[in-house]
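Worksheet: one structure, shown below.
Residue numbers (my numbering): 92 to 772.
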C-alpha cells in the first residue's frame, strides 16, 4: 500500500479522496455566503400613487411602476413586483391607492416589506413650447418605515417630458414626465444617506449610540429606535461627539436596551400644489423648528402600526377606532371655524374596562390634550378660543399591570386652533380595570383604597364645551378609620354653567386602625369596586384637518339681476399658512340645497390670496341641468377645503359634499321680481 501511495496514481487517488471529504464543507460555506448576500437586500414595495389632478386615470399606477423600476435599477433593494402589490391589495379588500395610512401598512405587512413607498401626483400641465408640446408634472414621493409607521425619506420633484410634436397625445406626454420625475425622485432619495447607529448604553430618559457627527448625526435630529422589525421608541439627538451621540427619549412603547438600532428621519417638505402657465411649481419652505410639534406629528403615525401589532386584550392597544378629524363651523354654518374629532370605541381588556375619559391631542401642543371628553361620548369640537383643560395626571402609563388607584388632574391653559393651519389629531382613553382583571391583582402599586380626585370638564371654560358634556368625579374617596368617606359622581352639562346631578355614597371604616380601607368610586365604576387606572395607546386620525372660515361671497351680489351668463367669484380663505384650497360653487333652485336640485357649476384649486374667480356659467346652456335652465330664482353658495385634508370637512347634510360652505345668496334673471331679502345670508 505504501508503494502504491508513492506512485502517481496513488497520489491522484489520495487528492481525490481529500477533495471528496472537503466538498460538503465548501458547498455549505458557499451556499451560506450566497444566502447572506441575498438576505442583505431590504424589501421595498411601491403602491399606486394618488392622482390629485385627475382621479381614476392610470397615471397613479404608471407613477408607482416607474418609481419601482428606478429603485430596482439601483440594485440596493428587493423591490416587490407591482403585480404582487396589487394582488395583496385585492386580497385585503381595500381601495387602491390605499385611502388611509393604516391600509398602507396593512399592504406592506401582507407582502412582508420593511419599507413602503407611496406618493401623490399633485398637478400636471401641458405647455406649448415652440412648434411642439411638453408636459410638466409635480410629484411627491414618501418613503415609510413599516416597523414604526413614520415617513423617513422622500422627495418633492418636478418632472418634464421631452418636447414632442403637436399630434402626440396628452397621456403620452404626462407619462413621459412621470418617468422623468420618478428617476429624479429616486436619485434624491438615494443621495440622502440617513445615518443609523446602535444603542450602547441607556439611562432613564436617554441613550448613548455608537455613531456621531462623522456619520451625519446632528443636534435636534429626530430618530426612531427599532428592535428588529418593531419600533420601540422615538427620540431626538441631544448632543453629538465625533463618533458618538446621546439621544433623549421622548416616547417609548418598550424600554430601550443595548443593541437596539437608531435611525434618523428626513422631513419631506410639504407640497403647495399648482403649476403656473410657465410650468413652475411651488413647495413650502420648512419653517424653523421652534417647538416639538413635529415630534407629536410623527408619533401620531406610530400609533397606526401599534394598532396592528397589539394583540387582543393587551392593555397597550389602541381602543379608539375610525378616528376622524373634519373641518367644520361650530355650532352651525353661522358659527366659527372648528374641527370635529370623532371616533368609535372598541372592545378591549376582555370587555371589562370602565371608560373614564377620552383625551384628544393636537400636534402643535406637546404637553397634554386639547380636549377631554366623557368616557360615554364619541366626539368633541376643537375651536378657536383659548380655554382651561382639566386632564388626567400624566403619571398614568400606557398599559401596565401594576395598579394605580388614583386619577390625579392637571389644569392647563390651551390655545385655540388657528384658521387655515393644518392639524393632526389623535385620541387616547383613560380607563379603569378591576384589580381582579390584572395579574396578581395588580400588585401593590396603588394601595387598597380608590381616591376620586377632581373633575374632568370637556371643553373647559370660555365657550361651548367639546361634545357638550363634562364629567365630574369627585369628593374625597378614602379616610382614616372612624370617619365617613364618600364619593360623588355626576355629569356636568354645558361646560361653565351647568348643573350637577348624581348620587353620593358614604362608607364608614369599621376598625379605626387602617387608613385607606374605605372605597369610593369615580365615573364608570360601581360602589365597592377597586379600580386600577391606565391610559391606552393613542390612535391617530385618518389624516390632516384644516379649520377654514366659510368663503365670503363676491359676485353675483344679493338679489342681483343677471343675464344668462353669470360670473362667480369669492374671497380667498388662505391666510398665513400656504395651503392649496379647492373652491366650489353650488347652484340650486331650492334654499335647502336638496341633492336633486343642486349642481356644482364652478371648481378651482389655488394657493392665491385676494379674489378667486370660479368661472362663468351659461344658465341656459346644456352644461347645466334642466331645472336650472327653467328657473327664475337661483340660490348659490361656495365651499372650501384643503386638498390635503383626509377625509375632508364634515359632509354637508344636504348634498354630502365635504366642504366648509358659506351661507346662501340669491340672484335672478332679468324681468323677474326679486324675492324678499333672504334669511340665509
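Yeah, the Cβ is synthetic: ideal placement off N, Cα and C, and Gly gets one too.
7 Å Cβ cutoff met for residue 466 and residue 452: no
Cross-strand partners of residue 207 (DSSP beta bridge): 136, 235
Between the CA atoms of residue 214 and residue 142 - distance to the nearest angstrom: 8 Å
Terminal residues of the beta strand (DSSP E) in which residue 659 lies: Counting along the chain, residue 659 sits inside the beta strand (DSSP E) bounded by residues 656–662.
DSSP three-state assignment for residue 685, whether helix, strand or coil: Coil.
Beta-bridge partners of residue 427, as assigned by DSSP: 421
Cut-off 8 Å between Cβ atoms - residues of its own chain near residue 695, not counting five sequence neighbours on either side: 673, 674, 703, 704, 705, 706
For residue 624 and residue 734, believed in contact at Cβ under 8 Å, the rounded distance: That pair is no contact at about 42 Å.
Selected residue, minimal CA-CA separation from residue 640, among 709, 752, 742: Ranked by Cα distance from residue 640, the first of 709, 752, 742 is 752.
Residue 254 to residue 229 span [Cα, whole Å]: 17 Å
Touch test, the segment 285–297 against the segment 168–187, Cβ-Cβ under 8 Å, three pairs minimum: no
Residue environment, residue 340, which counts as buried when at least 16 other CB atoms sit within 10 Å: buried
Buried or exposed (CB count within 10 angstroms, at least 16 for buried), residue 583: Residue placement at residue 583 is flagged as unreliable, the pLDDT there being 35, under the threshold of 50; a coordinate-derived value is accordingly withheld.
Own chain, CB closer than 7 Å to residue 506, minus 5 neighbours either side, in chain order: 477
Residue 222 and residue 268 closer than 7 Å at C-beta: no
Burial state of residue 462, where buried means 16 or more other Cβ atoms lie within 10 Å: buried
Sheet register partners of residue 623 (DSSP bridge): 524
Range of the contiguous alpha helix (DSSP H) that encloses residue 278: 261–282
Run of the beta strand (DSSP E) containing residue 711, from where it starts to where it stops: No beta strand (DSSP E) holds residue 711; DSSP gives it neither H nor E.
DSSP state of residue 357 mapped onto helix, strand, coil: The three-state secondary structure of residue 357, taken from DSSP, is coil.
Neighbour flag for residue 356 against chain C, beta carbons, 7 Å: Note that chain C does not occur in the displayed structure, where there is just one protein chain.
Buried/exposed call for residue 103, threshold 16 Cβ in 10 Å: exposed
Sub-7 Å separation of residue 840 and residue 212 beta-carbons: The chain is shown from 92 up to 772; residue 840 falls before or after that span and cannot be answered.
Length of the line joining the Cα atoms of residue 431 and residue 196: 26 Å
Reference residue 308, options 514, 338, 504, closest by Cα: 338
Exposed unless 16 or more other CB atoms sit within 10 angstroms - verdict on residue 239: buried
From 458, 526, 236, 718, residue whose alpha carbon lies closest to that of residue 502: 458
Coil, strand or helix - residue 415 by DSSP: strand
Beta-carbon proximity of residue 737 to residue 633, cut-off 7 Å: For residue 737 and residue 633, yes; Cβs fall inside 7 Å.
Same chain, Cβ closer than 8 Å to residue 264, neighbours up to 5 away in sequence not counted: 217, 224, 225, 226, 252, 255
Ordered list of beta strand (DSSP E) runs contained in the segment 168–222, each at least 3 residues: 206–220
Nearest residue (CA-CA) to residue 523, options 449, 741, 685, 160: Closest by alpha carbon: 449.
Local conformation of residue 391 per DSSP, three classes: Because residue 391 sits at a pLDDT of 41, beneath the cut-off of 50, its placement in the model cannot be relied upon, and the point is left open.
Three-way DSSP call (helix, strand, coil) for residue 158 in this model: helix
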